Amino acid sequence: MIGVGVDIGGTFVKLFVMNEHGEIFRKEKIETDYSKGSKGFIAQIGDFINAIQKEFADQRVAVAVGAPGDVDNQNGVLRYNPNLKFKDVTDWPMAEQLFKHTGIRPVIANDATLAAWGVYEADLKRQGTNVLVVTLGTGVGGGMIINKELYQGSNGTAGEIGHTKIADLTTGPLCGCGARGCLEAFVGTIGIKRRVYDAIVDYPDSILAQMVKEEADFKIEIVSRAAEKGCKAALKVWEDTGYYLGVGLSNFMLVLDVDTIVLTGGVSGAAKYFMPAVKRVLDAQPFKTPFKRLKLLVSQNPNIGGVGAAMYAIYRAQKENLQ
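1381 is the number that the numbering used here gives to position 227 of the sequence shown; each next residue is one higher, with no gaps.
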């Protein structure tokens, strides 16, 4: 069996072709093309899938698409996403459009949800019963494995840890979703950037301040490079990031009581700087039981979304065959 994983981002789309043994036959990264509208974009993805069907004509091909935003996983509809710039679509029926183009009815799910399945299969080798995967980047997303199954909730929106609230709803920092006080507004790249600029006001002679001044485009990696040099301002930014992330994770732990949390995404590359603060927050929780056996891990696979989509496509197809 062949699984095609499509991981849609606002700038790029990652496409993976794998078999049930985890072998990767194709991996491509293409720009998210807005020039021909949503239908032209679907046609581009459909053409790729049709080419794979032709190449692997002797095998069943299954497809899963990870889409950023609010996904109706039951009907394959992208209800809302602020990061995709298609103006010609509302309640985007992705599954139906791809089915018409390819003859395959794909799984459509939130991108962080399918990344969670990728972590569960590829990184954890299905070890663990209840797992929370947190994607740390511009946005902060999450996906859950509950009782060894991908859990998407009643409406397909489960796992949105980035939009849980850890600050005052009126005075907390503004999140990209339009609300205030979201975890994402503290530990997503925009929130980290805000604290960087606050830090260089307090530490104008710091290494971090000098790096920000010298480099035209701000990238989060600047903070890690400064921290590597022992910069107090940069270390403080990461310390605060770890504290806020620890607050968010402890809230989720008290509700879900998972056995494993895995951090992934670009910001997780700085885990060695912020993880001590995360652990201090978790260790300081008065209600100790959920945290005693918790495994807190980091995945560095930059393609986990596409890999997870391809693997989940195969998993779902195999499960349907058994039923």
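Virtual Cβ for every residue (Gly too), placed ideally from N, Cα, C. Since the structure is predicted, the reported quantities are computational estimates derived from the model, not experimental observations.
Alpha helix (DSSP H) segment containing residue i, residue limits
i, result
"G1200", "G1191 to E1209"
"L1389", "K1386 to L1410"
"Y1427", "A1425 to D1437"
"A1266", "D1265 to G1272"
Enclosing beta strand (DSSP E) for residue i [first to last residue]
i, result
"K1449", "K1449 to V1452"
"M1135", "Given that the chain is displayed from residue 1155 to residue 1477, the structure contains no residue 1135 and the question cannot be resolved."
"G1151", "This structure cannot speak to residue 1151, because the chain is shown only from 1155 to 1477."
"E1185", "I1178 to E1185"
"E1303", "E1303 to Y1305"
"L1232", "V1231 to Y1234"
Beta-carbon gap between residue i and residue j smaller than 8 Å
i, j, result
"S1378", "V1416", "no"
"F1428", "L1399", "yes"
"S1360", "A1387", "yes"
"G1291", "V1421", "yes"
Cα-Cα separation, residue i to residue j
i, j, result
"N1301", "N1284", "6 Å"
"I1178", "V1273", "16 Å"
"T1343", "M1407", "23 Å"
"G1402", "N1237", "23 Å"
"G1164", "A1380", "29 Å"
"F1202", "V1217", "11 Å"
"W1246", "C1331", "19 Å"
"L1169", "K1183", "6 Å"
Local Cβ density within 10 Å of residue i, reported as buried at 16 or more and exposed below that
i, result
"Y1351", "exposed"
"I1376", "buried"
"E1368", "exposed"
"D1161", "buried"
"A1269", "buried"
"G1176", "exposed"
"N1235", "buried"
"S1189", "exposed"
"P1260", "buried"
"G1257", "exposed"
"D1322", "exposed"
Residues bridged to residue i [DSSP beta-bridge criterion]
i, result
"T1289", "G1295 and T1418"
"G1159", "F1170 and A1218"
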